[in-house]
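Asker: Below you'll find the structure I mean.
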Amino acid sequence: MQRKALLSVSDKTGIVELAEGLIDNGFEIISSGGTASVIRENGLEVTEVSDVTGFPEILDGRVKTLHPKIHGGLLFQLNKHQEDIEEYALPKIDLLAVNLYPFEETTAENHDLEDAVENIDIGGVALLRAGAKNHERVTVVCDPDKYDRVLNELNEDDEIGERTKKELAVEAFSHTANYDTAIYNYFQKEYKDEKLPEKYFVSGKKIKELRYGENPNQDAAFYRTENTKESSVLKAEKLHGKALSYNNIRDLEASLDIVKEFEEPAVTAIKHSNPTGVATKENIAEAYQKAYECDPKSIYGSIVAANRPITKEMAEKMDEIFVEASIAPGYEEGAVDVLKNSKNIRIMELPDWHPEREGLAYTKVSEGLLVQDRNKYRVERRDMEVKSEREPTEEELDAMEFAWKVIKHVKSNAIIFTKKDHTVGIGAGQMSRVDAVKIAKMKAKLETEGATMASDAFFPFRDGIDEAAEAGIESVVQPGGSIRDDEVIEAVNEHDMSMVFTGQRVFKH
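And the structure:
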């Protein structure tokens with residue numbers, strides 16, 4: 001019985017070479033529609049699916065391969081189904097090459113609902129599942145990059161090895177699972193628009209394997225799970241430097257989240273997911289300088305992000321210390337050459353800059369997935385409730401607004417000291433809020449006299465206020481909501497501070 005291969009692909013890359021190689025190895029090629037036309041146009045013999053089934057393509061090509069002879073030819077087992085094979089003259093399909101209509105690509109661009117519907121593949125998915133289910137006998141290949149592997153094995157051994165068949169079957173199941181997830185997610189949003197639906201599916205495509213995870217004993221890889229308009233690390237181009245590490249990627253993401261908070265030129269330096277400094281100025285180099293001055297020691301080995309192109313002046317300032325990586329919408333002439341003086345820096349560019357922060361945030365736990373909104377909460381002045389006897393000054397209100405944009409990006413318990421456009425002290429990740437205040441005091445290298453203090457959650461006791469007063473803090477922004485708020489307000493008034501409540505905590509664990 002002559003070996004047969006069924007080829008039916010949306011992406012025609014390499015299909016002619018595959019067909020030619022299969023013919024050289026004694027295969028009869030079965031195909032339909034556009035795939036058959038391409039093969040025939042290149043001078044190769046091809047049998048139409050309709051000649052096998054005795055049934056024409058119908059419904060403008062919506063039904064081509066959905067026929068018992070095709071699926072029987074894929075699914076039969078020689079040791080079990082001999083009677084059916086003979087009675088129904090089932091073709092013995094030994095190899096299947098299929099890839100699917102470009103649903104994700106279509107819905108990622110400008111399209112209408114009809115385009116989306118027409119790019120839902122039915123026959124291709126059914127073929128892949130059938131071939132992969134019967135992978136003990138059938139070789140199923142859905143990735144054009146694997147065609148050479150298949151042909152090489154045929155050329156060397158005249159058959160496809162068991163291991164290859166199993167691995168290709170896994171890829172086929174992966175392909176259909178990812179495809180179904182994309183379709184579900186699209187129509188769930190289109191028809192129901194439930195942010196947190198009853199069933200939640202995430203699929204990802206591996207972009208690259210990483211040298212290791214947070215530590216050298218942990219394996220890690222980088223996956224793309226969705227495609228939005230957001231300017232993300234995934235869309236960044238590396239202009240210079242070594243491959244990004246797991247920790248680099250996490251810190252780059254954290255740094256982008258911060259600078260996207262600001263419309264004015266902004267710079268942040270990130271170390272272990274916490275900012276060492278944040279500043280806004282009219283001049284991006286001045287913003288970097290203020291971010292640097294907040295903590296000149298911790299900024300060493302940090303990730304630096306800017307929401308404007310990095311100038312040569314800023315690059316020269318950065319070149320005075322070791323920076324692990326930089327990311328920005330662009331780099332002005334000469335800036336990259338200056339940064340390259342440090343051979344170990346990774347220089348990342350995001351020319352298609354979008355300040356929006358899209359999508360949801362995920363945290364994996366044992367046997368589960370936590371899903372939540374990205375924290376986009378911002379407090380407006382009209383939402384600030386003054387709790388102190390003294391009203392905040394205009395400059396203090398400016399500092400409060402700036403501080404509230406930053407505080408939600410600092411690990412809890414979090415305290416920051418700021419002026420109206422830059423941080424002066426950051427206390428992050430403490431189990432006690434008063435200790436976070438103490439650390440902000442200890443870390444502050446800029447003048448704290450007259451500064452504003454922001455807290456990501458309420459003060460449980462007055463001790464945090466008393467500590468801040470010793471550093472010269474004159475205004476406080478915090479959510480409020482403690483059973484001891486009266487005690488905290490009393491402390492604020494004793495120190496002649498101003499204080500506002502935002503009514504909303506902004507934990508980051």
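Be aware that the sequence shown starts at 1, since it is given in the working numbering, and climbs by one per residue. Glycine is no exception: its CB is placed at the ideal position from the N, C-alpha and C atoms.
Taking only runs of the alpha helix (DSSP H) that begin and end inside the region 410-497, which ones reach a length of at least 4 residues, in chain order?
Answerer: DSSP runs (the alpha helix (DSSP H)) wholly in the region 410-497: 433-443, 463-470, 485-494.
Asker: Near Met453, which residues of its chain fall below 6 Å by C-beta distance, leaving aside the five closest residues on each side in sequence?
Answerer: Walking along the sequence shown from the start, residue 453 turns up at place 453. Cβ neighbours of Met453 beyond the five flanking positions: Phe417, Ala468, Ile473, Val476.
Asker: Between which two residues does the beta strand (DSSP E) carrying Asp373 extend?
Answerer: Stepping through the sequence shown from its first residue, residue 373 is reached at position 373. Asp373 -> beta strand (DSSP E) spans 368-373.
Asker: Would you decide whether Phe501 is buried or exposed? Buried here means 16 or more other CB atoms lie within 10 Å of its CB.
Answerer: Mapped onto the sequence shown, residue 501 falls at position 501. Label assigned to Phe501: buried.
Asker: May I ask you to report which of helix, strand or coil DSSP gives Lys165?
Answerer: As a working note, residue 165 is residue 165 in the sequence shown. Reduced to three states, the DSSP call for Lys165 is helix.
Asker: Can you say whether His111 is buried or exposed, counting buried as having 16 or more other CB atoms within 10 angstroms of its CB?
Answerer: Here residue 111 is taken as the residue at index 111 of the sequence shown, counted from 1. Burial call: exposed.
Asker: Across which residues does DSSP place His240 in a beta bridge pair?
Answerer: Reading the sequence shown from its first residue, position 240 is the one you call residue 240. Answer by DSSP bridge pairing, in chain order: Ile347.
Asker: So which of Ala130, Glu118, Glu41 has the shortest CA-CA distance to His67?
Answerer: For this step, residue 67 is matched to residue 67 along the sequence shown. Of the listed residues, the one whose Cα sits closest to His67 is Ala130.
Asker: Is it true that the region 280-296 meets the region 259-266, where meeting means three or more beta-carbon pairs spaced less than 8 Å apart?
Answerer: At 8 Å Cβ cutoff, the stretches touch.
Asker: Tell me the rounded alpha-carbon separation between Met497 and Pro392.
Answerer: The sequence position of residue 497 within the sequence shown is 497, counting from 1. The sequence position of residue 392 within the sequence shown is 392, counting from 1. Answer to the nearest angstrom: the Cα atoms are 8 Å apart.
Asker: State buried or exposed for Tyr223, treating a residue as buried only when at least 16 other CB atoms are found within 10 Å of its CB.
Answerer: Taking the sequence shown and counting its residues from 1, the one referred to as residue 223 is at position 223. Classification for Tyr223: exposed.
Asker: Report back the beta-carbon spacing between His240 and Ile347 to the nearest angstrom; my notes put them in contact at under 8 Å.
Answerer: Locating residue 240 in the sequence shown gives position 240, counting from the first residue. Locating residue 347 in the sequence shown gives position 347, counting from the first residue. 4 Å between Cβ atoms; contact.
Asker: Which residue wins for smallest C-alpha separation from Ala315, given the options Glu333, Lys364, Phe402, Leu113?
Answerer: Stepping through the sequence shown from its first residue, residue 315 is reached at position 315. The shortest C-alpha separation from Ala315 is found at Glu333.
Asker: State the Cα-Cα distance for the pair Leu100 and Val125, rounded to the nearest angstrom.
Answerer: What you label residue 100 is simply residue 100 of the sequence shown in a count that begins at 1. What you label residue 125 is simply residue 125 of the sequence shown in a count that begins at 1. Cα to Cα, the separation comes out at about 7 Å.
Asker: For Ala236 and Ala361, I'd like the C-alpha separation in whole angstroms.
Answerer: The residue given as residue 236 occupies position 236 in the sequence shown. The residue given as residue 361 occupies position 361 in the sequence shown. Distance between the alpha carbons of Ala236 and Ala361: 20 Å.
Asker: So, under 8 Å CB-CB, Phe458 and Gly481 are touching, yes? Tell me the CB distance rounded to an integer number of Å.
Answerer: Here residue 458 refers to the residue found at position 458 of the sequence shown. Here residue 481 refers to the residue found at position 481 of the sequence shown. That pair is a contact at about 5 Å.
Asker: Please work out which residues of its chain come closer than 6 Å, Cβ to Cβ, to Gln430, disregarding the five sequence neighbours upstream and downstream, and give them in chain order.
Answerer: Counting from 1 along the sequence shown, the entry for residue 430 is found at position 430. So the qualifying residues of the chain are Asn413, Ala436.
Asker: I need the DSSP call for Leu499, collapsed to helix, strand or coil.
Answerer: Position 499 of the sequence shown holds residue 499. Strictly speaking, residue 499 in this sequence is Met, with Leu absent from that position. Here Met499 sits in strand by DSSP.
Asker: Mind pulling the alpha helix (DSSP H) runs of 4 or more residues that sit fully within the region 377-413?
Answerer: Runs found: 394-407.
Asker: How should Glu324 be labelled, buried or exposed, when 16 other C-beta atoms within 10 angstroms of its C-beta is the threshold for buried?
Answerer: For the purposes of this step, residue 324 is taken as the residue at position 324 of the sequence shown. Its Cβ being crowded by 16 or more others within 10 Å, Glu324 is buried.
Asker: What residue range does the beta strand (DSSP E) around Lys340 cover?
Answerer: Position 340 of the sequence shown, counting from 1, holds the residue named residue 340. Premise fails: Lys340 is in no beta strand (DSSP E) and is neither H nor E.
Asker: Quick check: the Cα distance between Ala5 and Ile58, rounded to an integer number of angstroms?
Answerer: The residue labelled residue 5 in the question sits at position 5 within the sequence shown. The residue labelled residue 58 in the question sits at position 58 within the sequence shown. Those two C-alpha atoms are separated by around 22 Å.
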